[in-house]
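Line by line, the protein sequences are chains X and C. Add 761 to the 1-based position in the first sequence for this note's numbering, that's all there is to it. Add 257 to the 1-based position in the second sequence for this note's numbering, that's all there is to it. Step one of this worksheet: look at the structure below.
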Amino acid sequence: MELVMAITTGLLFAVAVYLILSRSVLRIILGTSLLTHGVHLLIMNMAGLKRGSAPLISEDTMSYTDPLPQALILTSIVINFGVTAFFLVLAYRANQTLGTDDLEKLRGGDENE
Amino acid sequence: MSLLHVAVFIPFLFSAGLLVSRKFLESMHRGWLALPVPILLFVFFLWHIPQVQETPIIHAASWIPSLGITITFNLDGLSLLFALLISGIGLLVVLYSIYYLDEEKKDQQRFYAYLLLFMGAMLGVVLSDNLLVLYAFWEITSIASFLLIAYWYERERSQYGALKSMLITVFGGLAMFAGFILLYVMTGTFSIREIISQVDNITGHSLILPALILVLLGAFTKSAQFPFHIWLPDAMEAPTPVSAYLHSATMVKAGLYLVARCSPIFAMQAQWFWIVSIGGLITLIYGSMKAVRQTDLKALLAYSTISQLGLIMCLLGLGSAAGLQTSTATSLFFAQATTAGLFHLFNHAVFKGALFMVVGIVDHETGTRDLRKLGGLIRIMPVTFTIASIGAFSMAGLPPFGGFLSKEMFFTSVLNIRELNMWSLESWGILIPVLAWIASVFTFMYSIILLVRTFGGKYDKERYHNKPHEASIGLLVSPTVLASLALAIGLFPALPATWLIEPAMTSVHPHLLTPGEHFHIHIRMWHGWTTEVWMTAALIAIGALLVILYKKRGWVLSGSGEKARFTLNRLYDKTLEGSEYASEKLTSLYMNGSIRQYLIYIFMFFVIALSTTMLALPVFTLDFSDHAPIDGYELAAIVALGLAALAVPLSQNRIASILLTGAVGYMVTLLFVLFRAPDLALTQLIVETVSVVLFLLCFKHLPKLKKENVKISFKMTNALIAAAVGIVVTFIALGVSSGHDIKSISDYFIKESYHLAGGKNMVNVILVDFRGFDTMLEVVVLGIASLGIYALVKLRVEDRGDQTSKLDTNRLAGFVGKRPFNSNDVILMTAARIIIFIIVLFSINLFFAGHNAPGGGFIGGLLTAAAIILFAIAFGMDAVKRVLPVNYRTMTGIGLLIAVLTGAGSFLFKAPFLSHSFGHFQLPILGETELATAVIFDLGVYLSVIGVTLTIILSVGRER
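This is how it looks when you write it as structure tokens:
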């Protein structure tokens, strides 16, 4: 299971990096979303998968999966939502104002040197 | 803290005070506000003269105790001499400047703030015993000098001069700093006194020569010694009072101070003697020869200052020969040169200060400083002329002025050095007095030229713009005081000798005295018919002759045009230009503005650093034994996830890409379920839904995905980097999941979450209790993001010009009139009425259950927001505003406030921030209920998340 998950994580990272390196802003944003998923799976993988029951205390079990990565990921999911939303709005405002979504063309002018 | 510390910090206080005095006393000249500072300081230091003659005054105040740095101020003879110059000349200069800058109304406070900043820093330099503190003050003087040279900052010459002085002196300062550190390495202390007491240990040290050279670099750049002198003539762009104060009387003497102060440390080194003496001698001759050729009065004085600084430097070098001697008698013999140096330093400050002020008066009253235009002012400005003659005669070394005495002593010293029984000086050592004499002839010449060309000759009023007249009394007071002083020193040399020079000598040559002993210095006008007298007579005769010849030729020297030749200034300019060009080229080589390029650097670095680390270190093991088994559901989900992810870059359609990304998200949700993470699954599910809505809302504003017509190499590069990153990450994932040598800290959370926090849902307990602070700041980040989005959507940049707005209108023309979220789907509208309430109720349930079962503030908040979003989709964005007239930004704020206040509430119980408490209570109807303060904190999170999500969605959704 861990091996399959490792490969899946790698695949997600690869696709995400490929999208981030492209020119279109929309693709880049989708890339960052995929990257986040990859990171989440990586963190899950770190703690080991499917060891014990869900981290809810009950009398039936003594063994739980690691709750810490879950707390970290939960934080990350919500933050990611905020950042993606910001990024999206920034992208479409830039597109409206500057008339392009090609990052290779958005290199900054001479005035901000 | 002591009075001495107060004395150094008073100028800084006044400096800061002056800057904020804008409103206060509008009509008053700011100089009057600055004047009390030097008066107080001058009286303070005068008052200490008798005490310092007996023993130095030392006060320490701890500054950075962990590094052993104390601000120790040591007022000994040498410091006192400088402190008196700084405060005394400072007093006269401030007084003078009040009349000089009478027309500079608006920027006066800036001028005096800088001047006082300099005064405090310079006092700090000469009083500090700690080398690091000295260095700090040293650099502040450079900065103050920079600011003052650039006082008229709109002039290009001022900018150039200021930058030049800054670059050169700061370069030297850094070298000096390195030298100080080497001294620390050798001795283990930054205290000058302690270093001097260990001087025997460091004399043979291998680092002493580098330290010596580095410290001298600092001294030579600051004191404008050849070849670093080039900044001083350009510094003359400063207002003349500044030139008189910083660039002749005080700051440029900081280098001399450093040499004198460090003499006890380095004088045992022959290199010290050579570098200081020869460097000074070259500067002396070079400066005097250049001064003769100048046509601008201030430039003439600048080169004369360089030359005179060289003279003093040379004398300090010759005096250090005392350190090379073994017997006290011969040491004392050579130490006379130091006496001469210190005495001349004092004289120079006096006469050069007077001369600069005279030049300022001439400039102020006639509007020009050009020697070719000036002339005949003797009748119009008789008082100024008298002051100028005293200054010039003292500079030329004519009796009965102070300059004459120090010049005689200078001759004695250069003659004496032949008797140093080293390096066969007795044979070729005659060169030194000969060169010194030649330099003195030039010194005589430029002193006389200054006087004759300005005041002599015929008066021709055609040549002046303004009608020249004698200066006002206010301008004349300061130079008159200095001129009188120059005369008084000449007539009564014993006074400064006893009170100032003798204690200063004790500081420079502490090894020559047994404790309690004093130097005895006798300076006399007449010693009989000695060689020195003949040298003076000859130089007057030859100098006068040369001046007459020079005048006959119309004051022009052949070859005075300096075109197309190698000059130090040209070297400086080219170096500066070259390094600017080269660094710009180098920077633009890799910083080309393309974010993709930067990302490639980051990814490449990531790949290389991590792969080499994994290969090189034995941390990476592959161990599959511990791995969990895999079943069919999981495999199906993973395959679906992989396919969806791979399809995203291949898709040429916006909606398809967005939906495919959403599919990946839902598959991840499924995996969370399978991995027994119910909270994560719930969160991811809702976030994914809201995200897709958001993407679709933004969708209409984004352009279509064009088929990227890019080179195949572009795609190949991307694919290659992406593959490399993917492989590295795969191996990292494998590495971290194999072999768990490090024990997880989670056991603590698992064990304690019920005991300590009263919650059964560990994830929620970690979020709101154990790591509550993280959560709070996370919500802050979300709040900032939502406000950013709100601002981006609502605020338009209006000053973009017509062109963009036209483009904007064209681009958006297609959308005008369409209301994209007025759904006419009857089924949706009907179903939504019921479903929304169910969702809201469920979300409230999730929120309250959160502490013990899956759920909590985040999930509840997101779900409530999702319900409202569903409402918005079904009935339109504006309907939300009618039905729920809530300001969601305020809601975010209230949520944050609740979270913070809950955290702060624990202060009431003297517990750390965000300590929670819980208890079980017997309530009517509900039965036994658990109440925890963490729930209140979670309520804050809940409200903020609703606020943030709806701010984002509604801002975007209402956008036209």
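Just so it is clear, CB atoms sit at the ideal spot from N, CA and C, and this is done for glycine as well.
Would you verify that the beta carbon of His958 of chain C is, or is not, closer than 9 Å to some beta carbon of chain X? Taking the second sequence and counting its residues from 1, the one referred to as residue 958 of chain C is at position 701. Taking a beta-carbon distance threshold of 9 Å, His958 of chain C counts as an interface residue toward chain X.
Any C-beta of chain B under 9 Å from that of Leu825 of chain C: Here chain B cannot be found, since the structure's protein chains are X and C.
Beta-carbon separation of Val213 of chain C and Val839 of chain X under 9 Å? In the structure displayed, chain C extends from 258 to 1217; residue 213 of chain C sits before or after that span and is not available.
Anyone know if the C-beta pair for Gly381 of chain C and Ala370 of chain C falls short of 9 Å? Reading the second sequence from its first residue, position 124 is the one you call residue 381 of chain C. Reading the second sequence from its first residue, position 113 is the one you call residue 370 of chain C. The answer is no: Cβ separation not under 9 Å.
Mark Thr460 of chain C as exposed unless 16 or more other C-beta atoms lie within 10 angstroms of its C-beta, in which case mark it buried. Residue 460 of chain C sits at position 203 when you count from the first residue of the second sequence. So Thr460 of chain C counts as exposed.
Give the secondary structure of Ser319 of chain C by DSSP, where H, G and I count as helix, E and B as strand, and everything else as coil. Position 62 of the second sequence, counted from the start, is the residue given in the question as residue 319 of chain C. DSSP places Ser319 of chain C in strand when its eight states are reduced to three.
Give me the chain X residues within the contact set of Phe860 of chain C, using Cβ-Cβ distance strictly less than 7 Å, ordered along the chain. Within the second sequence, residue 860 of chain C is the residue found at index 603, counting from 1. Per Cβ cutoff of 7 Å: Val778.
Could you tell me which chain C residues have their CB closer than 8 Å to the CB of Thr822 of chain X, listed as they occur along the chain? Locating residue 822 of chain X in the first sequence gives position 61, counting from the first residue. Going along chain C, no residue has its Cβ under 8 Å from Thr822 of chain X, so there is no contact; the nearest lies around 11 Å.
Which same chain residues end up closer than 6 Å to Thr793 of chain X when comparing Cβ atoms and leaving out the 5 residues on each side of it in sequence? The residue you call residue 793 of chain X lines up with position 32 of the first sequence. Excluding positions up to five away in sequence, the list is empty.
Which bits of chain C does Thr793 of chain X rub up against, with CB to CB less than 7 Å? If you number the first sequence from 1, residue 793 of chain X lands on position 32. Listed along chain C is no residue with a C-beta nearer than 7 Å to that of Thr793 of chain X; the closest approach is about 10 Å.
Output the distance between the C-alpha atoms of Met493 of chain C and Met285 of chain C, rounded to the nearest integer angstrom. Reading the second sequence from its first residue, position 236 is the one you call residue 493 of chain C. Reading the second sequence from its first residue, position 28 is the one you call residue 285 of chain C. Straight-line Cα distance between these residues: approximately 28 Å.
Best match in X:Tyr779, X:Glu763, X:Gly813 for proximity to Thr822 of chain X [C-alpha to C-alpha]: For the purposes of this step, residue 822 of chain X is taken as the residue at position 61 of the first sequence. Selected option, being the one with the closest Cα: X:Gly813.
Rounded Cβ spacing between Ser336 of chain C and Val383 of chain C (contact assumed at less than 8 Å): Against the second sequence, residue 336 of chain C aligns to sequence position 79. Against the second sequence, residue 383 of chain C aligns to sequence position 126. Contact holds; Cβ gap of about 5 Å.
Asn678 of chain C, buried or exposed, once every other Cβ within 10 Å from all chains shown has been counted against 16: Within the second sequence, residue 678 of chain C is the residue found at index 421, counting from 1. Exposed, because fewer than 16 other Cβ atoms sit within 10 Å of the Cβ of Asn678 of chain C.
Any C-beta of chain X within less than 9 Å: which residues of the region 1008 to 1019 of chain C qualify? Correct list: Ser1010, Tyr1011, Gly1016, Lys1017, Asn1018, Met1019.
In chain order, what residues of the same chain lie with their CB nearer than 8 Å to the CB of Gly713 of chain C, ignoring the 5 residues before and after it? Residue 713 of chain C sits at position 456 when you count from the first residue of the second sequence. Gly632, Gly633, Ile635, listed in sequence order.
Proximity test, Cβ basis, 9 Å: Arg1076 of chain C and chain X: Indexing the second sequence from 1 puts residue 1076 of chain C at position 819. Only weak support is given to the placement of Arg1076 of chain C: the predicted model assigns it a pLDDT of 47, under 50, and the question is left unresolved by the model.
Helix, strand or coil at Ser1003 of chain C according to DSSP, with G and I counted as helix: Locating residue 1003 of chain C in the second sequence gives position 746, counting from the first residue. Correct three-state label for Ser1003 of chain C: helix.
I want to verify the contact list: residues of chain X whose CB lies under 8 Å from the CB of Ser1001 of chain C, in sequence order. Numbered from 1 along the second sequence, position 744 holds the residue referred to as residue 1001 of chain C. What Ser1001 of chain C touches in chain X: Ala808, Asp827, Leu829.
What three-state label does DSSP hand Asn849 of chain C in the structure shown? The sequence position of residue 849 of chain C within the second sequence is 592, counting from 1. DSSP places Asn849 of chain C in coil when its eight states are reduced to three.
My guess is that Ile1096 of chain C and Leu1120 of chain C are in contact by the Cβ rule of under 8 Å, so how many angstroms apart are they, rounded? Here residue 1096 of chain C is taken as the residue at index 839 of the second sequence, counted from 1. Here residue 1120 of chain C is taken as the residue at index 863 of the second sequence, counted from 1. Right, their Cβ atoms sit about 6 Å apart.
Distance, Asn841 of chain X Cα to Thr797 of chain X Cα: In the first sequence, counting from the first residue as 1, residue 797 of chain X sits at position 36. In the first sequence, counting from the first residue as 1, residue 841 of chain X sits at position 80. Approximately 7 Å between the Cα atoms of the pair.
Minimum C-alpha distance to Pro498 of chain C - residue among C:Thr832, C:Val616, C:Ala1161: Taking the first residue of the second sequence as position 1, residue 498 of chain C is located at position 241. Shortest Cα-Cα distance from Pro498 of chain C to any of C:Thr832, C:Val616, C:Ala1161 involves C:Val616.
Check for me: the alpha helix (DSSP H) holding Thr669 of chain C runs from which residue to which? Stepping through the second sequence from its first residue, residue 669 of chain C is reached at position 412. Bounds of the alpha helix (DSSP H) holding Thr669 of chain C are 659 to 673.
Per DSSP, the bridge partner or partners of Ile1095 of chain C: Position 838 of the second sequence, counted from the start, is the residue given in the question as residue 1095 of chain C. Looking at the DSSP assignment, Ile1095 of chain C forms no beta bridge with any residue, so it has no partner.
Output needed for Gly580 of chain C: all residues of its chain with C-beta closer than 6 Å, excluding positions within five of it in sequence on either side, in chain order. Along the second sequence, one-based indexing puts residue 580 of chain C at 323. So the qualifying residues of the chain are Ala524, Met525.
What is the rounded straight-line gap between the Cα of Arg933 of chain C and the Cα of Ile1046 of chain C? The count along the second sequence starts at 1 and reaches residue 933 of chain C at position 676. The count along the second sequence starts at 1 and reaches residue 1046 of chain C at position 789. Straight-line measurement puts the Cα of Ile1046 of chain C at about 34 Å from the Cα of Arg933 of chain C.
Should the region 344 to 361 of chain C be regarded as contacting the region 732 to 744 of chain C, the criterion being three or more beta carbon pairs within less than 8 Å? Judged by pairs of C-beta atoms under 8 Å, the region 344 to 361 of chain C touches the region 732 to 744 of chain C, as three or more such pairs exist.
Interface flag, Ile805 of chain C vs chain X, CB-CB below 9 Å: Numbered from 1 along the second sequence, position 548 holds the residue referred to as residue 805 of chain C. No, its Cβ sits nowhere closer than 9 Å to a Cβ of chain X.
Can you check the region 282 to 368 of chain C for any beta strand (DSSP E) of at least 3 residues that lies completely inside it and give the ranges in chain order? As far as the region 282 to 368 of chain C is concerned, its whole beta strand (DSSP E) runs of at least 3 residues are 314 to 321, 326 to 332.
Rounded to the nearest angstrom, how far is the Cβ of Gly429 of chain C from that of Phe485 of chain C, given a contact under 8 Å? If you number the second sequence from 1, residue 429 of chain C lands on position 172. If you number the second sequence from 1, residue 485 of chain C lands on position 228. About 7 Å separates the two Cβ atoms, so the contact holds.
Where Pro935 of chain C meets chain X, residues with beta-carbon distance less than 8 Å: Counted from its first residue, the second sequence places residue 935 of chain C at position 678. Against chain X, the beta carbon of Pro935 of chain C has neighbours under 8 Å at Ala815, Leu817, listed in chain order.
Anyone know if the C-beta pair for Leu1211 of chain C and Val1137 of chain C falls short of 9 Å? As a first step, residue 1211 of chain C is located in the second sequence; it is residue number 954 there, counting from the start. As a first step, residue 1137 of chain C is located in the second sequence; it is residue number 880 there, counting from the start. Result yes, Cβ atoms of Leu1211 of chain C and Val1137 of chain C sit closer than 9 Å.
What does Phe1006 of chain C reach in chain X if we use C-beta pairs closer than 8 Å? Residue 1006 of chain C sits at position 749 when you count from the first residue of the second sequence. The CB of Phe1006 of chain C comes closer than 8 Å to the CB of Pro828, Leu829 in chain X, given here in chain order.
Could you check the C-alpha separation between Leu1165 of chain C and Met1019 of chain C for me, to the nearest Å? As a position in the second sequence, residue 1165 of chain C is number 908, starting the count at 1. As a position in the second sequence, residue 1019 of chain C is number 762, starting the count at 1. Spanning the two alpha carbons is a distance of roughly 27 Å.
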